[in-house]
Amino acid sequence: MKISVIISVYNKLEQLKNILLALNNQIKLPYEVIIADDGSSEILEEKIGDIIPELKFNLKHVYQEDTGFRLAASRNNGINFSEGDYILFIDQDILFDEYFLQDIEKNIKKGEVIKINALFLDKERSEKITNKIKENKYFDYSYIKEELKENDYKHIQELNKKDFRRNFWYNLKLKKRGAKIVGLGIGCFKEDVLKINGFDERYEGWGCEDDDLGNRFYALGLKVGVFNFNNLVVHIWHPSSTNKSGNDEYYRERKKIILGKKEYICEYGCKNRIKKEEIKEKIIK
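Counting from 1 along the sequence shown, just add 16 to a position and that's the residue number in our numbering.
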């Protein structure tokens, strides 16, 4: 199976090295990695150029002009330029072991979307891990394992149990949706995300575009699968945005329509763009 990994970015491009090295270390390599850029002023090759020659997968850079926070549109660019039959949307700040993509491929099912839960690390542990990657110019999961505590495993187990319970009630038709997907890790067939027209581009600014996507997957009739990885997926610390989402009201209105009327296609998405603009694609490798 050809897996296209789409990583959304906006500046801080040097941080991409961590996740690219983690992907390069996979037992099951991605078919391609697409950097979906929301208008960074930094030059990608200047930030990651030293590791490009050693990458074992195809690498694309898909760029849209910076006219504000447009994560939904940026991810749609990734969808439109992808060539794989399965798409994995991941946050550039997550890290994982070498079996990550292999585990995902083994758990792929028709009619199901995969949700990834991650452990959010604190600043101190995150810096220890990223400093080791920088010093060694290589990623090994042992860097993470050394920093994990017993409670970390329990925390992820509780998150997974909560999602399993949500899916249980959903399967009994007692809830309109099951586990809630989050943008840091979503896996789906390309044909399924195209059926719902990708991410709703009316979401501009931070928040709700991933939750909306999940609602429309449910309205399409798909389920959300949650499973335990061999090792924990972690999210590296970064300063949180102080901005509150301005999308909440639109999201609530759309949620009623989507789940009530099973209206799973958004008006403006990857097939019908809200803004007509040139999207630049560059083959990096």
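Where is the CB? At the ideal position from N, CA and C, for every residue including glycine.
Problem set entry | Pairwise C-alpha distance: R141 and R86 | Numbered from 1 along the sequence shown, position 70 holds the residue referred to as residue 86. Numbered from 1 along the sequence shown, position 125 holds the residue referred to as residue 141. Computed Cα separation, rounded: 30 angstroms.
Exercise. Whose CA, out of H251, L37, D107 and E220, lies closest to the CA of D66?
Worked result: As a working mapping, residue 66 is identified with position 50 in the sequence shown. Considering only alpha carbons, the answer is L37.
For this session: Quick one: using the 10 Å Cβ neighbour count with 16 as the cut-off for buried, is R200 buried or exposed?
Result: Taking the sequence shown and counting its residues from 1, one reaches residue 200 at position 184. It should be pointed out that residue 200 corresponds to Leu in this sequence rather than to Arg. Flag for L200 reads buried.
Exercise. Are at least three pairs of beta-carbons, each pair with one atom in the stretch 98-106 and one in the stretch 185-196, less than 8 angstroms apart?
Worked result: no
Exercise. Can you list the alpha helix (DSSP H) stretches of 4 or more residues lying completely in the stretch 204-235, in chain order?
Worked result: 206-211
Problem set entry | Close Cβ partners of F54 (< 6 angstroms) along its chain, the five nearest in sequence each way excluded | Start at 1 with the first residue of the sequence shown, and residue 54 comes out as number 38. In the sequence on display, residue 54 carries Asp and not Phe. Closer than 6 angstroms at Cβ, skipping near neighbours: Y26, R86 and S90.
Exercise. Can you check whether the CB of G203 is closer than 9 angstroms to the CB of I132?
Worked result: Taking the sequence shown and counting its residues from 1, one reaches residue 132 at position 116. Taking the sequence shown and counting its residues from 1, one reaches residue 203 at position 187. Result yes, Cβ atoms of I132 and G203 sit closer than 9 angstroms.
Exercise. Can the beta-carbon of S24 be found less than 9 angstroms from the beta-carbon of Y47?
Worked result: By one-based count along the sequence shown, residue 24 stands at place 8. By one-based count along the sequence shown, residue 47 stands at place 31. Not a contact, by the Cβ cut-off of 9 angstroms.
Exercise. Is H77 helix, strand or coil when you go by DSSP?
Worked result: As a working note, residue 77 is residue 61 in the sequence shown. DSSP places H77 in strand when its eight states are reduced to three.
Exercise. Which term fits D228, buried or exposed, when burial requires 16 or more other beta carbons within 10 angstroms of its beta carbon?
Worked result: In the sequence shown, the residue the question calls residue 228 occupies position 212. Buried.
For this session: Using the Cα positions of D101 and I95, report the straight-line distance between them to the nearest angstrom.
Result: The residue given as residue 101 occupies position 85 in the sequence shown. The residue given as residue 95 occupies position 79 in the sequence shown. Those two C-alpha atoms are separated by around 11 angstroms.
For this session: Just confirm the distance between the C-beta atoms of L111 and I273, as a whole number of angstroms; I'd bet it's less than 8 angstroms.
Result: Reading the sequence shown from its first residue, position 95 is the one you call residue 111. Reading the sequence shown from its first residue, position 257 is the one you call residue 273. The Cβ separation is near 37 angstroms, so there is no contact.
Problem set entry | Rounded separation between E225 and L164 - CA only | Position 209 of the sequence shown, counted from the first residue, corresponds to residue 225. Position 148 of the sequence shown, counted from the first residue, corresponds to residue 164. Using only the alpha carbons, I get a separation of about 31 angstroms.
Problem set entry | Whole-Å CB distance - D113 paired with N246, under 8 angstroms assumed | Translated into positions along the sequence shown, residue 113 becomes position 97. Translated into positions along the sequence shown, residue 246 becomes position 230. Sure, about 6 angstroms apart at Cβ, within 8 angstroms.
For this session: With a floor of 4 residues, list each alpha helix (DSSP H) that falls wholly inside the stretch 117-178, ordered by position along the chain.
Result: 139-152 and 158-161
Exercise. Near Q118, what residues of its chain come up, given a Cβ to Cβ distance below 8 angstroms and the 5 sequence neighbours on each side ignored?
Worked result: Stepping through the sequence shown from its first residue, residue 118 is reached at position 102. Excluding positions up to five away in sequence, the list reads Q42, I43 and K44.
Problem set entry | Per-residue DSSP class, three states only, for S56 | Against the sequence shown, residue 56 aligns to sequence position 40. Coil.
For this session: Check whether the Cβ atoms of L236 and D216 sit closer than 9 angstroms, and answer yes or no.
Result: Looking up residue 236 in the sequence shown gives position 220. Looking up residue 216 in the sequence shown gives position 200. No. Outside cutoff.
For this session: Have a look at L210 and T146 and give me their C-alpha separation to the nearest angstrom.
Result: Walking along the sequence shown from the start, residue 210 turns up at place 194. Walking along the sequence shown from the start, residue 146 turns up at place 130. Distance between the alpha carbons of L210 and T146 is about 36 angstroms.
Problem set entry | Close Cβ partners of N92 (< 8 angstroms) along its chain, the five nearest in sequence each way excluded | Stepping through the sequence shown from its first residue, residue 92 is reached at position 76. Closer than 8 angstroms at the Cβ level, and outside the excluded window around N92, lie G214, F215, E217, G285, C286 and R289.
Problem set entry | DSSP state of L111 mapped onto helix, strand, coil | As a working mapping, residue 111 is identified with position 95 in the sequence shown. Three-state result, L111: strand.
Exercise. Residues in its own chain within less than 7 angstroms of Y154 by CB, not counting five upstream and five downstream?
Worked result: Position 138 of the sequence shown, counting from 1, holds the residue named residue 154. Taken in chain order, the residues that qualify are L37.
Problem set entry | Host alpha helix (DSSP H) of G94 (start-end) | Position 78 of the sequence shown, counting from 1, holds the residue named residue 94. L87 to F97 is the span of the alpha helix (DSSP H), which, as asked, contains G94.
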